[in-house]
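Numbering of the sequence shown is given in our numbering, commencing with residue 18 and proceeding in unit increments.
A quick write-up on the structure given underneath.
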Amino acid sequence: MTIDDFVTYLTSAAIAVVLMLAGGSGSHAAELLVSVTVDDSVVRLGDVFDDAGSSANVAIAEAPAPGMKSRIAVTELVLPTQRAGITWQAPRGVTHVSVLRAGSPVTIDELRHIIGERIKRDGYASSFDITLIGQARAVLIPVNAVPGDIGVSISSYDVRSGNFVASLALPTGTALNRRVVYRGKIEEMVYVPGLNRQVMPGEAIGESDIAWVRLPKRQLGRNMVQSKQALIGMTPRRPLAVNRAIRLGDIQRPLLVKKGARVSVSYKTGNLIIMSMARALENGAKGDVIRILNTRSKQALEGVVTGHDRVELTIPDRVALSTR
18 MTIDDFVTYL TSAAIAVVLM LAGGSGSHAA ELLVSVTVDD SVVRLGDVFD DAGSSANVAI
78 AEAPAPGMKS RIAVTELVLP TQRAGITWQA PRGVTHVSVL RAGSPVTIDE LRHIIGERIK
138 RDGYASSFDI TLIGQARAVL IPVNAVPGDI GVSISSYDVR SGNFVASLAL PTGTALNRRV
198 VYRGKIEEMV YVPGLNRQVM PGEAIGESDI AWVRLPKRQL GRNMVQSKQA LIGMTPRRPL
258 AVNRAIRLGD IQRPLLVKKG ARVSVSYKTG NLIIMSMARA LENGAKGDVI RILNTRSKQA
318 LEGVVTGHDR VELTIPDRVA LSTR
């Protein structure tokens, strides 16, 4: 027998003697539970004994934080059980009771939300995503607590990098909270207009076709459509994916005149309007200046597209509309 075994044997024997001497006519026997799980902030007699009777709610020790373990020496149980009239005997070799505190899990997503609400209230950013850096883990809080009971303070924040340090006060059910520190990064987000359906080339984009797309601000460039006014009335140059940001080069004004098409040409002079037909030498949207060819005089002119296959001359020419 080793020295440690001998000490353990003497401890168990001493406890047994004390308990026998403490027994009385009002005593009842109970069995000690050597490993227990509790969900309160204190450990009670009813937690560590299978039959504590009317004394089951008597507190004997403070419980550890949720998800943590602690130990209670069996010698600490002698006095409260003597007062409660409970007789018991520790199993041979057992000197402590192992206590695990149960808890409700708070996920990483919930932690990000809680930290984000604090960031908003402190005015650091309004629309953003959070990335927790390092070994960010879920935590446990008391079973009767909710994630909103967690206190959050932002101890540092770097505007340029978006890096922050958040200190979380986890409730334990006691006067002392458990402090946990998380490091992370804020990614500021913006909303830009996209399409909620596939609009085909040549089809004008209407307000009902717009969906707002959320993306990191760092991805926002000058070549990106940033307002719905810049999108409404335009048409895609090619089929575009829905719910995606759109670049200015991806859209154009709808073509009202196509190259090679016969167009109606008008020229205003005073109260007189001269009409003729010509052939378009270029594509054109409303307001575009395009070249047209007078098919009779074979003369190339310039005009402004005013409607579907309609052009108004911009450069007067007395022979432009000649029918000779």
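No residue lacks a Cβ here, since even glycine has one placed at the ideal position from N, Cα and C.
*By how many angstroms is the C-alpha of Ser144 removed from the C-alpha of Glu205?*
6 angstroms
*Is it buried or exposed for Pro233, if we count other Cβ within 10 angstroms and need 16 for buried?*
exposed
_On the criterion of 16 or more Cβ atoms from any shown chain inside 10 Å, does Asn2 qualify as buried, or is it exposed?_
Nothing about residue 2 can be read from this structure; the chain reaches only from 18 to 341.
*If you run the structure through DSSP and keep just helix, strand and coil, what is Ala101?*
helix
*Under 7 angstroms between the Cβ atoms of Arg118 and Pro81?*
yes
*What's the call for Leu289, buried or exposed, on a 16-neighbour Cβ count within 10 Å?*
exposed
*Measuring CB to CB, does Leu237 end up less than 7 angstroms from Val259?*
no
*Which one of Met292, Arg100, Arg196 and Asn180 has the shortest CA to CA distance from Ile158?*
Arg196
*Sorted by chain position, which residues of the same chain lie with C-beta nearer than 7 angstroms to Ile131's C-beta, five sequence neighbours on each side aside?*
Pro164, Ile167 and Val169
*Cβ-Cβ separation, Ile263 to Leu273 (assumed contact under 8 angstroms), whole Å*: At roughly 22 angstroms, the Cβ-Cβ gap does not stay under 8 angstroms, so Leu273 and Ile263 are not in contact.
*Could you name the residues that DSSP lists as bridge partners for Tyr208?*
Arg231
*Can you grab the Cα-Cα spacing for the pair Gln243 / Asp305, in whole Å?*
23 angstroms
*Can you tell me whether Arg177 is buried or exposed, with buried defined as 16 or more other CB within 10 angstroms of its CB?*
exposed
*Among Ser121, Gly84, Ala73 and Val60, which has the Cα closest to the Cα of Asn161?*
Ser121
*Taking contact to mean at least 3 C-beta pairs separated by less than 8 angstroms, is the segment 321-331 in contact with the segment 273-283?*
yes
*With DSSP collapsed to three states, give me the class of Leu96.*
helix
*On a CA-only basis, which of Thr189, Glu93 and Phe181 is nearest Met85? Give me that one, please.*
Thr189
*Which residues in the same chain have their Cβ closer than 8 angstroms to the Cβ of Ile222, if we skip the five residues on either side of it in sequence?*
Leu212, Val216, Leu248, Ile249, Gly250, Met251, Thr252, Pro253 and Ile268
_Exposed unless 16 or more other CB atoms sit within 10 angstroms - verdict on Arg138_ = exposed
*asked:* I'd like to check one pair, Val55 with Asp68: are the Cβ atoms closer than 7 angstroms?
replied: no
*asked:* Considering only the alpha carbon of each residue, which of Pro97, Thr148, Arg231 and Pro108 lies closest to Glu127?
replied: Thr148
*Under 7 angstroms between C-beta atoms of Arg279 and Arg261*: no
_What would DSSP say about Ala302, mapped onto helix, strand or coil?_
strand
*Which listed residue (Gln246, Gly219 and Thr286) has its alpha carbon closest to that of Ser225*: Gln246
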